[in-house]
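First comes the structure, then the notes that go with it.
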Amino acid sequence: MKPTLFVLAAGMGSRYGGLKQLDALGPSGETIMDYSIYDAIKAGFGKIVFVIRKDFEQDFREKVLGKYEGHIPVEVVFQATTDLPEGYTCPADRTKPWGTNHAVLMGKSVIKEPFAVINADDFYGRNAFEVIAKELSREHTAPGDYCMVGFRVGNTMTENGSVARGVCSTKDGLLTSVVERTAISYNPDHEIVFTDENGEEQKLDPMTPVSMNLWGFTPEYFEYSENEFKKFLDANLDKPKAEFFIPLVIDTLINSGKATVKVLDTDSKWFGVTYAADRPAVVEKFAELTEQGVYPSPLFA
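If you count by our numbering, then the sequence shown holds residues 217 to 517, one letter each, in order.
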């Protein structure tokens, strides 16, 4: 059974300004998402599922989905702050989405096979898709047999501000913990640093593995996530900025012994448009990759 690629595309891209998921960055107007879909098809994925907001469905269908027809089956699901388990009501003043793992939950009705999760606005590189497709395509005999692609934090930075990364610890090739750090940046000495829970600046070795939200799961992950989401809501329903991140669920499952997460190595380097100032360099990079013959132009002729 071929794995599915689940693309998280419901964010507004507030730091960049606008719907950066639809920004034309390639030589023929390709989006970052287009390159991810192209690489996923080459790597052996059999279906694409997008989670988006209902209010830009029309633009999304017109500008994105049509180009994939004839290349790979596609489905769309929607994320809204009001999508909560029975017995829970979204606070009237809640405007912030519930987070990445809430977005993942939206795929339960259409995903019945092993699947990978990616962000719509990150470029992961073809090798990253190849290694996770290979892992997801093998036989999974027990629940909780998951994986992730680990990038080195030094290969995931921008010169134009801070980034959010899941900082990972590993043992014998398996993930032991992942902590979401929402403000990783360069200091004046060009060292990689973040601010911890106590407001103290901490350094990160450039080789530190981080999650770029390229995860591999089997379908029972939805059930685990539903259970954990209820616990999250019990503690955070009245907190307008609390988010239900994937690493929160992963840490819980690892610590409880319900899951193991294999950390897959890749030689891919991440890049993306976290800030508007990142855009010219990304446009230049796609032009270079096209000139080198890595990608055709247009991608989907």
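Glycine included, every Cβ here is placed at the ideal spot set by N, Cα and C.
Please name the residue in the options whose C-alpha comes closest to that of residue i.
i    : options                   : result
W486 : S441, N443 and V426       : V426
T372 : M217, L221 and N429       : N429
I288 : D483, F266 and P307       : F266
L420 : T398, A240 and G370       : G370
T398 : E442, D388, V383 and A451 : V383
S472 : G360, M423, Q295 and G432 : G360
R381 : N403, P404 and V409       : V409
F502 : G377, A225 and L241       : L241
L458 : L238, C306, M217 and K279 : Reading off the sequence shown, one finds Ala at residue 458, where the question assumed Leu. It is C306.
L391 : E500, T468 and P496       : T468
V326 : Y304, V293 and N335       : V293
I264 : Y284, E278, T311 and G245 : Y284
K279 : L238, V498, M217 and E302 : L238
P435 : P422, A517 and T357       : T357
I257 : K474, G323, A349 and F445 : A349
Y304 : E504, I334 and D454       : D454
A475 : S513, S393, E413 and L281 : S393
I470 : E444, R495, R368 and P456 : E444
V333 : N376, V499 and I253       : I253
Is the beta carbon of residue i less than 8 angstroms from the beta carbon of residue j?
i    : j    : result
N331 : P219 : Note that residue 331 corresponds to Phe in the displayed sequence, not to Asn. Result yes, Cβ atoms of F331 and P219 sit closer than 8 angstroms.
T297 : P313 : yes
L221 : F272 : no
V489 : D309 : no
T482 : A344 : yes
E346 : C363 : no
V477 : I466 : yes
Y402 : F339 : no
F551 : L321 : The question about residue 551 has no answer here: the residues shown for the chain are numbered 217 through 517.
Y316 : Y491 : Tyr is not the amino acid found at residue 316; the sequence shown has Thr there. No, the pair does not count as a contact, with Cβ atoms beyond the cut-off.
E396 : F460 : no
V290 : M249 : no
R277 : Q295 : no
I400 : S385 : no
E329 : M217 : yes
S484 : G341 : yes
E417 : T411 : yes
E246 : L515 : yes
P422 : R368 : yes
Give me the DSSP bridge partner(s) of residue i.
i    : result
N371 : Bridge partners of N371: none, in fact.
P425 : R368
T220 : K263 and F331
G382 : E396 and S427
L391 : T386
E417 : T411
Buried or exposed, going by whether 16 or more other CB atoms sit within 10 Å of the CB of residue i?
i    : result
Y511 : buried
G366 : buried
G415 : exposed
A493 : exposed
A319 : buried
S230 : For S230, the pLDDT reaches just 44, beneath the cut-off of 50, and the residue's location in the model is therefore unreliable, leaving the point undetermined.
D275 : exposed
A225 : buried
Q508 : exposed
G286 : exposed
T311 : exposed
A517 : exposed
G432 : buried
G323 : buried
A451 : exposed
A497 : exposed
D405 : exposed
Pick out the complete beta strand (DSSP E) segments inside the region 240-320, 3 residues or longer, and give them in chain order.
Qualifying beta strand (DSSP E) stretches, in chain order: 263-268 and 290-294.
If we require 4 or more residues per run, which alpha helix (DSSP H) segments fall completely within the region 483-516?
If we require 4 residues or more, the alpha helix (DSSP H) runs fully inside the region 483-516 come out as 495-507.
If you scan the region 326-368 from start to end, which runs of the alpha helix (DSSP H) of 4 or more residues do you find wholly inside it?
Listed in chain order, the complete alpha helix (DSSP H) runs (minimum 4 residues) inside the region 326-368 are 342-353.
Could you give the uninterrupted runs of the alpha helix (DSSP H) lying entirely in the region 426-487, keeping only those of 4 residues or more?
The region 426-487 contains these whole alpha helix (DSSP H) runs: 437-452 and 462-472.
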